[in-house]
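Here is the structure we will look at, set down as structure tokens.
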Amino acid sequence: MSLAEQIKASAKQALDELYPGTEMPASAITVNQTKPEFTGDYTLVLFPFLKLLKTKPDVIGSQLGDYFVQHSGFVVSYQVVAGFLNLAVKDEYWASFLVQRYNDNHYGEQGTTGKNVMVEYSSPNTNKPLHFGHLRNNFLGFAVSGILKATGNHVIKANLVNDRGIHICKSMVAWKHYAHGATPRSTGIKGDHLVGDYYVKFNDVYKQQVEELVAEGMDETIAEKEAPIMKEAQNMLRAWEAGDKDVVELWKTMNGWVYEGFDITYQRLGIDFDKMYYESNTYLLGKEIVLKGLEKGVLYKKEDGSVWVNLEDEGLDQKLLLRADGTSVYMTQDIGTAILKYNDFKLDKSVYVIADEQNYHMQVLQLVLKKLGEPCANAIHHLSYGMVELPTGRMKSREGTVVDADDMIDEMIAMARQQTEEAGKTEGFTEKELEELYETIGLGALKFYLLRVDPKKKMIFDPKESIDLHGFTATFIQYAHARICSILRKEGIDRNAAVFPDFKLAEAITPAEKALVLSLEQYVSVMMSAAEEYNPSLLCNYTFQLAQQFNSFYDVHSIAKAENEEKKQLRLMIIIMVARVMGHAMGTMGIRLPEKM
RNA sequence: GGUCCGGUAGCUCAGCUGGAUAGAGCAGCUGCCUUCUAAGCAGCAGGCCAUUGGUUCGAAUCCAAUCCGGAUCACCA
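When we follow my numbering, the leftmost residue of the first sequence carries the number 1, and every step to the right adds one.
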């Protein structure tokens, strides 16, 4: 239990004892960190008690304050200011917290919940390379997986690859006509980019053909259907579904190129999966379920033979689940996959990392599954995140107005190199170490940039403004971490092995020291909130604040020249804990921290 | 039009389960490296928390209305 929670519990107990018979609801008890301008560490708000207890703030304040001093064991003194009870926590409490956690190598890790949680993320289309917006999805999914793992869940990271459909055929058709047999090997172009180029090519040609047909007097909506290249793509899709040997062969080849490209990108990003699902394997699964739902009378059939679900009672619309010709739609596939995933791993929770443009779709999916009586309906959680936009609006791969993920990674690493060299900080590194450092800094900055904002908010990225390496960034945290490592190196201390069995608290803890211990104490509850809210930005904010506090501490206190041995040990324990917590928090999100920079 | 999401410093964002004088970073301005890493620290300046009303001892936070921006409401995925 965190200290703030202990204070709440004690306050509840105190009120029960002081005012027997008056049931104070837990919601009436609020505990905040004390504002810096007042003395104290935590503050209990007294206003909510006044009416129910028919008393005044200073009366109840001193009653509760006395109770805390006498019974809590951790409060040394208190002050009542207006309606606030400011509690000062004993230095001994902080010291013993520190010693205890210092010797706990798993601080920040929760015991197992016994729950199986799947996080589906990334889920790319195999017709184009990843762009900046996809990065947010990938980082979010990976970070949330780490957070759920740290809070004791068994996590399965899943990737549902969208490897079939008309959009895939578009790249294939264009490649057939315009590539003259070009391959990643023959051109030296990364496979996903090569295929993406032909997706763009398809759209160029398509647009041109539509224009020509319109110029010949055809209606635009008809022209869009009649353009030869579009018809060809549709034919190809039909051929694929029929298992046409040549089409399937080409499909396998081109998807293979894309996977090779994706693998490189995933590896550079430090992102991985425990389970791959391919839509080509799963797209037929939902049909059976839908037909069963039809039998049960949960769904209904229209005259033309198409199958629908009526969600009007839920305030939504009617939704098609099977076409008149019996083929599946997107929703049907997702119904099948949801059940498949659920059964594959006996899931307690199934998280979908999907952009907020699909909120409606996910809502419908969940409702349909519920209507069908599928237990997986209740396990679904849509982690809906806002899209990354350019100042000019949304990225459109069809129009080629995207910030490419691979380019972005290169740019970030190049920037890390440039700034390290400019600062003259390359000494004492081998060439290989430098390469690794630039990657750690560049990728860290990129990940942090995309994770530090509340997932549900959309964000605007201006490619003209580079991602900063100062201030609220991973670099800032990495730098603080490197400083700690440097201190330890100079002191000859191994942070994983150092123990302080003789530590005694000899004098008062200073404000800068206390700020750090207080933050360290809050780490677990921050991690829990991040898990509850599926929100890595909480960890980003927390870790940044910890780094800030460390830098201030570093400025006013010396470790090497500490006033005495007790202070030195105290500070060593503090900074080692800070380094560990930073490493744990960032590591959870896939951001590495260097020992030196 | 229905539904949903957002509007906080010049810019990017915290704070939103109601609590003290609304916080960071960037950009701007002052200081601070013969002392454990200045990718840092300390400070200055910058706000009608979109608007209006309501609830309350207390509202950026909750409710209602309005304005602005976005998403979505496909036999696309």
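Even for Gly, the Cβ is constructed at its ideal location relative to N, Cα and C.
In this chain, Ile-189 is not harboured by any beta strand (DSSP E), its DSSP state being neither H nor E.
In this structure, the beta-carbon distance from Ala-562 to Arg-571 falls below 7 Å. Here Met-230 is buried. Its C-beta has 16 or more other C-beta atoms within 10 Å.
Its chain contains Tyr-19, Thr-22, Ile-60 as the residues whose beta carbon lies nearer than 7 Å to that of Leu-53, once the 5 sequence neighbours on both sides are disregarded; these appear in chain order.
Ranked by how close their Cα comes to the Cα of Ile-460, the residues Gln-333, Ile-354, Val-403, Pro-536 have Val-403 in first place.
Here the alpha carbons of Gly-108 and Ser-77 stand approximately 29 Å from one another. CA-CA distance, Asp-502 to Lys-568, rounds to 12 Å. In the displayed model, His-131 falls within a strand according to three-state DSSP.
The beta carbons of Gly-386 and Ala-416 sit no closer together than 7 Å. Leu-269 and His-134 have their C-alpha atoms roughly 12 Å apart. The alpha helix (DSSP H) runs lying completely inside the region 38–65 and spanning 4 residues or more are 47–53, given in chain order. A contact between stretches requires three or more CB pairs, one per stretch, nearer than 8 Å, and the region 202–214 meets this requirement with the region 222–229.
In terms of Cα proximity to Val-248, the closest of Trp-308, Asn-310, Cys-169, Tyr-178 is Cys-169. Distance from the CA of Gly-83 to the CA of Thr-55, rounded to the nearest whole angstrom, comes to 12 Å.
The straight-line gap separating the alpha-carbon atoms of Arg-489 and Lys-252 is approximately 53 Å.
Considering only Asn-86, Asp-274, Met-586, Phe-38, the residue with the shortest C-alpha distance to Lys-447 is Met-586. The Cβ-Cβ distance between Met-589 and Leu-450 does not fall below 7 Å. For the 7 Å CB-CB criterion, Ala-445 and Ile-467 form a contact. Under the three-state reduction of DSSP output, Leu-469 falls in the coil class, being neither helix nor strand. Excluding residues up to 5 positions away in sequence, Leu-311 lie with their Cβ nearer than 8 Å to the Cβ of Asp-317 in the same chain. In this structure, DSSP gives Val-581 a helical state, which the three-state scheme calls helix. Each residue's CA atom was taken as its position, placing Ala-515 and Arg-495 some 21 Å apart. As the crow flies, the alpha-carbon of His-584 is around 38 Å from that of Pro-48. DSSP, reduced to helix, strand and coil, places Asp-502 outside both helices and strands of the structure shown, so it counts as coil. Only residues of its own chain outside the window of five on either side were considered, and among them Asn-116, Met-118, Ala-379 have a CB closer than 6 Å to the CB of Leu-347, listed in chain order.
When C-alpha distances from Val-353 are compared across Pro-57, Gln-33, Ala-158, Gly-336, the shortest belongs to Ala-158. Between the beta-carbon of Ala-14 and that of Leu-46 there is about 12 Å, and that puts the pair past the 8 Å contact cut. Taking a contact as a CB-CB distance under 8 Å, the pair Val-351 and Glu-532 does not count as one, their CB atoms being some 13 Å apart. With a threshold of 16 other beta carbon atoms within 10 Å, Ser-486 falls short and is exposed. Sequence-distant partners of Ser-519 (beyond 5 residues in either direction) whose C-beta falls short of 8 Å from its own C-beta, in its chain, are Tyr-542, Gln-545, Leu-546, Gln-549.
The criterion of a C-beta distance shorter than 7 Å is satisfied by Leu-383 and Tyr-534. DSSP places Phe-429 outside both helix and strand once states are collapsed to three, so it counts as coil. Look at Met-412 here: in three-state DSSP terms it is helix.
In the DSSP annotation of this structure, His-382 is not part of any alpha helix (DSSP H); the continuous beta strand (DSSP E) holding it starts and ends at 380–385.
With a cutoff of 7 Å on beta-carbon distance, Ile-575 and Ile-509 are scored as not near each other.
A straight-line Cα-Cα distance of about 10 Å links Glu-5 and Thr-30.
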